[in-house]
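Heads up: the structure comes next, in C-alpha cells.
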Amino acid sequence: MTTASVASPRPDKPYQRFKAWQACHALTLAVYRLVQSWPKVELYGLTSQARRSAFSAAANIAEGAGRRGSREFRRFLDISLGSLNELHYILLLSKDLGFTPPETWGEIEALRDHASQLTWGLYRAVGRKEAASAIGA
Numbered sequence: 001m002t003t004a005s006v007a008s009p010r011p012d013k014p015y016q017r018f019k020a021w022q023a024c025h026a027l028t029l030a031v032y033r034l035v036q037s038w039p040k041v042e043l044y045g046l047t048s049q050a051r052r053s054a055f056s057a058a059a060n061i062a063e064g065a066g067r068r069g070s071r072e073f074r075r076f077l078d079i080s081l082g083s084l085n086e087l088h089y090i091l092l093l094s095k096d097l098g099f100t101p102p103e104t105w106g107e108i109e110a111l112r113d114h115a116s117q118l119t120w121g122l123y124r125a126v127g128r129k130e131a132a133s134a135i136g137a
C-alpha cells in the first residue's frame with residue numbers, strides 16, 4: 001500500500017474544514033432524502049427549488065473559500081445565508097401543504113437552523129479578519 005492510498009485524517013479540500021460547510025453538506029443530503037417522498041407533480045417546483053437552495057448553501061461556501069480575499073468570501077457566505085433562508089420557507093411551505101410531517105419538519109429545520117448559525121458565525125469571523133487586515137494595512 002502506498003502512502004497516497006492511505007486515507008488522510010485531514011479534509012481533501014480547504015472548504016471542508018469549515019463546520020459551516022459540513023453542516024450545509026449534511027443538510028443538503030437530508031433535503032435530497034426528504035424530497036424523494038414529495039409528490040411527483042412538484043418535481044420541477046418545490047422539489048427542485050429545495051434541492052437547489054440546499055445545494056447552493058454548501059456550494060457557495062466551497063466556492064467562496066477558493067476565492068481571493070475575505071471580502072469575496074463574505075459575499076459568497078452572504079449568498080449561502082440567503083439560500084438557507086429560502087430553504088426555510090420552502091420547508092415551511094412543504095409542512096403546511098402536508099408534504100412533510102411536522103416531526104420530520106422539526107428535524108430538518110433543526111439541521112437548517114444549525115447550518116445557518118454556523119454560516120453566520122463564519123461570516124462574522126471572516127468580517128473580523130477583514131477588519132483586522134484593513135487596520136494592519
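The sequence shown lines up with residues 1 to 137 when you count with this note's numbering.
Where is the CB? At the ideal position from N, CA and C, for every residue including glycine.
Exposed or buried, which one is R112 when buried takes at least 16 other CB atoms within 10 Å?
For R112, the number of other beta carbons within 10 angstroms of its own is at least 16, and it is reported as buried.
Leaving out the 5 sequence neighbours to the left and right, which residues in its chain are closer than 6 Å to R81 when beta-carbon positions are compared?
With the sequence shown as reference, residue 81 is identified as Leu, and Arg is not the correct amino acid for it. T119.
Alpha carbon to alpha carbon, what distance is there between L46 and R124?
Here the alpha carbon of R124 sits roughly 31 Å from the alpha carbon of L46.
For Y89, the first and last residue of its enclosing alpha helix (DSSP H):
Residue range 70–96 is occupied by the alpha helix (DSSP H) that includes Y89.
Sequence-distant residues of the same chain with beta carbon closer than 6 Å to F76, five excluded per side
Excluding sequence neighbours, F76 sits near N60, E63, G64.
Hey, could you find the ends of the alpha helix (DSSP H) T47 is sitting in?
Boundaries of the alpha helix (DSSP H) harbouring T47: 46–65, taken from the DSSP string.
Check each candidate in G121, K19, Y15, R51 and name the one with the smallest Cα separation from H88.
Among G121, K19, Y15, R51, the Cα nearest to that of H88 is on R51.
Between the alpha carbons of N85 and S56, how many angstroms are there, rounded?
Their backbone Cα atoms lie some 11 Å apart in a straight line.
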